[in-house]
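Scroll down for the structure; my scribbles are underneath it.
Protein chains: 2
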Amino acid sequence: MIVEAHVVRFDSISLDGGATLAPVEVAYETYGSLNAQKSNAILILHAFSGDAHAAGVSPETGKPGWWDNMIGPGKAFDTNKYFAICSNVLGGCRGTTGPASINPATGCPYAMSFPVITIRDMVRLQKMLIDHLGIARLLSLSGGSMGGMQALEWAVSYPEAVVSTIPIAATARHSAQQIAFNEVGRQAIIADPDWSEGNYYTGKPPARGLAVARMVGHITYMSDDSMREKFGRRLRGKNSFGYDFDVDFEVESYLRYRGSEFVSRFDANSYLYITKAMDYFDLSNGNGSLAAAFERATARFLVISFSSDWLYPSYQSQEIVRALRSRNVDVAYCELPSNYGHDAFLVDVGEQTELVRGFLASTYEKVAG
Amino acid sequence: MIVEAHVVRFDSISLDGGATLAPVEVAYETYGSLNAQKSNAILILHAFSGDAHAAGVSPETGKPGWWDNMIGPGKAFDTNKYFAICSNVLGGCRGTTGPASINPATGCPYAMSFPVITIRDMVRLQKMLIDHLGIARLLSLSGGSMGGMQALEWAVSYPEAVVSTIPIAATARHSAQQIAFNEVGRQAIIADPDWSEGNYYTGKPPARGLAVARMVGHITYMSDDSMREKFGRRLRGKNSFGYDFDVDFEVESYLRYRGSEFVSRFDANSYLYITKAMDYFDLSNGNGSLAAAFERATARFLVISFSSDWLYPSYQSQEIVRALRSRNVDVAYCELPSNYGHDAFLVDVGEQTELVRGFLASTYEKVAG
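Protein chains in written order, with the numbering used here: chain A, 1 to 369; chain B, 370 to 738.
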C-alpha cells in the first residue's frame with residue numbers, strides 16, 4: 001500500500017460564524033493510488049479525537065492508524081482498488097490549523113481567540129483539499145461518530161461531489177444528552193486552573209481537567225455489557241478492598257490510564273472547539289426539517305448503527321434513514337449486533353467490513369459502468 | 370403530621386474496614402406516631418445526596434423533604450398509619466458523622482483521616498438508632514438507589530428486625546459502569562487544587578471539581594428521552610448560536626446550575642466516601658453468591674425498577690428477584706414504565722405509590738393479624 005503524508009496550506013477559509021482564518025493548513029494522508037479518471041477516491045472522516053493517520057503504521061510513532069482494520073489491501077476500503085484520503089479536522093491538534101496553531105497576526109497561539117467552528121466548516125476545508133487534489137467527485141465518504149456527521153454534511157453541502165456516503169454510528173443532530181456529556185467535558189477542562197483561560201501553551205496544560213473529560217468520554221464509548229466483560233468488579237493488583245482512595249477496581253485503573261494517556265496527545269482547547277462544533281451540528285438547521293435538508297442529496301447512502309451504542313443510539317440513524325426515504329434517496333441501513341457500544345465502529349468491524357465492501361463495489365460498478 | 374428532628378450520639382461504632390469511630394452522631398427525622406406495640410415503624414433510606422429531611426417542610430430552609438410526595442397523611446407511606454424514620458447516612462454531611470465532622474482526638478475535621486465506610490456500616494449505625502428507639506422489628510424499609518442497597522443489606526444483616534423491605538431502582542452490586550461513573554466524580558474532585566488532599570475546611574472547598582462531578586451525576590439520573598423532553602436543543606436566552614463558550618443550550622445552563630447549587634449543600638469529601646461505599650457494595654461478597662446471601666432473609670420483598678433507568682437498569686433488580694425466588698423468599702417485582710430514568714423514584718411516583726401502599730397494607734395486616 002502506498003502511503004503519503006502531506007500538509008497543504010490555503011490562503012484563507014470563511015467560517016459559518018462569520019470569521020475568516022488566514023492562512024489555514026490541512027494535514028492529510030493518502031492510501032493507495034488515484035486512478036487516471038480520478039473516480040476511485042474515498043474520503044475517510046475521523047471522529048472526535050482521531051487524526052489524519054487512519055491506516056498503515058506511522059513512521060513517527062510506530063502506531064497503526066485508527067481505522068487500520070478497515071483501510072488497506074483487501075480490507076473494506078480496499079487500497080488495491082480505491083484511493084483513500086484522510087485529513088485532520090479544522091480545529092484539531094494533529095497538523096491541521098486549530099487553537100494551538102500560531103496566529104500570524106500575533107505570533108502567538110490562537111488559544112481562545114480561535115474562531116468557533118462548525119462541522120460544515122470542517123467539511124468546507126475538506127472540500128478545498130479535494131479540489132486541490134483535482135478530484136471532482138468522491139466515490140464515497142465514510143466515518144464513524146463525528147466522522148459520520150461530516151459524511152452527512154458533505155452529501156447535503158456538496159451533492160455534486162458525492163457519489164455515495166457511509167455515515168456510521170452518527171446522528172443528524174446532537175441530542176440534549178449528547179450535548180450534556182460534551183458540556184461536562186468542557187467544564188472539566190475550564191475548571192482546571194491550569195487551563196488559564198486557554199493560555200497554557202507556554203506553561204502546564206490543564207492535564208487534570210482534560211483527563212477527567214476523557215474519562216467521561218470513555219464510559220460513553222463502551223456499553224454496560226462490554227464494561228462488565230472487560231472489567232466486571234475485578235480488583236486491580238489486590239485480593240481485597242484497600243479501604244482507601246487508591247485504585248481498587250480494574251475499571252478505575254483503566255479510566256485513569258486512558259485519561260492521562262490522552263493528555264499527551266490531545267490539546268485541551270481543541271477539545272473545547274471540536275465538541276462545540278458537534279453540539280452545534282443540526283442538519284435540519286436552516287432547512288426546516290431533516291427531510292428538507294436531504295432534498296438536495298443525490299448520493300447513495302449506506303447508514304450503519306450498532307445495537308449496544310447508547311451514545312449514538314440506533315434511533316438517530318433510523319431518523320436519518322426515514323428522512324432520506326421520504327425524499328426517495330437511495331439508502332441502505334443496517335443495525336449491526338455488537339456488544340462494544342459506540343466503540344464498535346472502531347473495534348468490531350467484521351460485519352461492517354462486509355457491508356462497506358459490498359456497497360462500495362456496487363457503487364464503483366455504477367460509476368464505472 | 371407530627372414531625373420531629375433529632376440528633377443522637379453513640380459512644381462508638383466498629384466498621385467493616387477495621388476502624389472504630391468514637392463517638393458517632395446520627396441526625397434523623399420522624400413522621401407520624403409510633404404505635405403502642407411499636408409495630409408500625411418504617412425506615413426510609415436516602416440516596417447518595419439525600420439527607421434525613423425526607424418529608425414535610427423544613428423549618429430551616431422552607432424546603433419540602435426529598436420524598437415528600439411519598440411520605441405523609443394519605444400518601445404511600447401514610448403517616449396516619451405508619452411511623453416513618455429517616456436518618457442521614459454515616460459519612461454524610463447533613464448532621465450524621467462524616468469527614469467534615471470534628472475528630473475529637475485532634476479538634477480538627479477528620480477530612481481524609483475519616484475511615485472508609487461501607488453500606489453495611491451505614492446500616493449498622495441505622496440499627497443502633499432503631500435499637501435506641503426501642504423498635505425490635507421494622508414493618509418495612511424503603512429507599513431508592515443507594516437507599517435500596519441499604520434496604521437489601523438490612524434484610525440480610527438483620528433479618529430478625531425486618532418484616533418487609535422495598536428496594537427501588539437499586540442493585541445488589543455496582544457494575545463496572547456504575548463504578549466508572551463514581552470514579553469520574555471522585556477524580557473530578559481530587560483534580561481540583563482546592564481539594565488540597567481533603568484539607569479545605571478552613572479554606573475554599575473544591576467547588577469546581579464537585580460541580581463537575583454533580584453534572585455527570587445529573588446526566589445519569591435522567592433518561593435520553595426525559596432530557597429531550599425537558600431541554601431538546603432549545604437555546605438559552607438567545608435565538609442563534611453565540612459562537613463562543615458561554616451557554617448556548619438550555620441543557621448546558623441546567624447542568625451548570627445544578628453543579629453550582631450542589632456545592633452549597635454537599636461536602637466534597639462526603640462525595641468521595643459515600644461513592645466508595647456504593648462501589649464496595651456487593652451483597653454476594655463473603656456469601657459465595659447472591660442467592661446464598663438471601664438464605665438468611667426472612668422479610669417480604671417488593672422490588673421496583675423503572676423502564677428508562679439506565680444507571681440502575683431493570684436487569685439488576687431482576688437479578689435480585691431471581692436470587693430471592695431461588696431461595697423461596699416472598700418477593701413481588703414490578704418494572705414501572707417511566708420516561709424519567711433513575712430520577713423516576715423521586716419524581717414519577719403515581720404507580721409507585723399504589724404498589725407501596727398495597728404492599729404495606731397487606732404486610733401490616735399480616736403483622737397485626
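Backbone N, C-alpha and C fix where the C-beta goes; we use that ideal spot for every residue, glycine too.
Comparing C-alpha distances from A549/B to each of R325/A, V251/A, K75/A, V7/A shows the shortest one belongs to V251/A. For F417/B, the closest C-alpha among the options F728/B, T487/B, A474/B is that of T487/B.
Along the stretch 405-443 of chain B, the beta strand (DSSP E) occurs as fully enclosed runs of 3 or more residues at 410-413, listed in sequence order.
For L705/B, the enclosing beta strand (DSSP E) has its first and last residue at 700-705. When 9 Å is used as the limit between beta carbons, G601/B is near these residues of chain A: S175, A176, in chain order. Interface flag for P193/A against chain B is set, since a Cβ pair is found closer than 8 Å.
Per DSSP, reduced to three states, the secondary structure at T540/B is coil, with no helix or strand assignment. Looking at the DSSP output, G710/B bridges to nothing. The stretch 91-101 of chain A makes contact with the stretch 270-284 of chain A: 3 or more CB pairs, one atom from each, lie closer than 8 Å. Note that the C-beta distance between I537/B and I411/B is not below 8 Å. Taking each of R625/B, A423/B, Y570/B in turn and checking the Cα distance to G586/B, the smallest one comes out for R625/B. Within chain A, the residues whose beta carbon sits less than 8 Å from that of D648/B are D248, F249, listed in sequence order. Assignment of F631/B by DSSP, reduced to helix, strand and coil, places it in the helix class. For the stretch 663-687 of chain B, the residues whose beta carbon sits under 8 Å from a beta carbon of chain A are, in order, W679, P682. Counting C-beta atoms within 10 angstroms of its own C-beta, H422/B has 16 or more neighbours from the protein chains shown and is therefore classed as buried. Contact annotation for R322/A against chain B: no contact, minimum CB-CB distance about 17 Å [criterion: below 8 Å]. Collapsing the DSSP output to three states places N551/B in a helix.
Around the beta carbon of Y315/A, fewer than 16 other beta carbons sit within 10 angstroms, so the residue counts as exposed. Neighbours of A188/A in chain B, taken as residues whose beta carbon is under 7 Å from its own, are A557, V581 in chain order. The C-alpha of A55/A lies about 34 Å from the C-alpha of R234/A. Look at the beta carbons and you see the stretch 144-158 of chain A not touching the stretch 578-598 of chain B: under three pairs across the two are nearer than 8 Å.
A buried status is given to D447/B, since no fewer than 16 other beta-carbon atoms sit within 10 Å of its beta-carbon. Counting C-beta atoms within 10 angstroms of its own C-beta, I44/A has 16 or more neighbours from the protein chains shown and is therefore classed as buried. Taking 8 Å as the CB threshold, E153/A stays off the interface with chain B. Boundaries around I85/A are those of the beta strand (DSSP E), 83-87, since no alpha helix (DSSP H) includes it. Neighbours of V116/A in chain B, taken as residues whose beta carbon is under 9 Å from its own, are F610, G611, Y612, D613, F614 in chain order. A straight line joining the alpha-carbon of N404/B with that of E183/A spans about 51 Å. Here the alpha carbons of D651/B and Y243/A stand approximately 15 Å from one another. Rounded to the nearest angstrom, the gap between the Cα atoms of T722/B and K444/B is 7 Å.
Around the beta carbon of T61/A, fewer than 16 other beta carbons sit within 10 angstroms, so the residue counts as exposed. Looking at D309/A, V329/A, S308/A, L302/A, the one whose alpha-carbon comes closest to that of L290/A is V329/A. Counting of Cβ neighbours within 10 angstroms places G185/A among the buried residues, the total reaching 16 or more. Note on D246/A: under 16 other CB atoms within 10 angstroms of its CB, so exposed under the neighbour-count rule. For the pair F306/A and L336/A, the CB atoms are nearer than the 8 Å cut-off.
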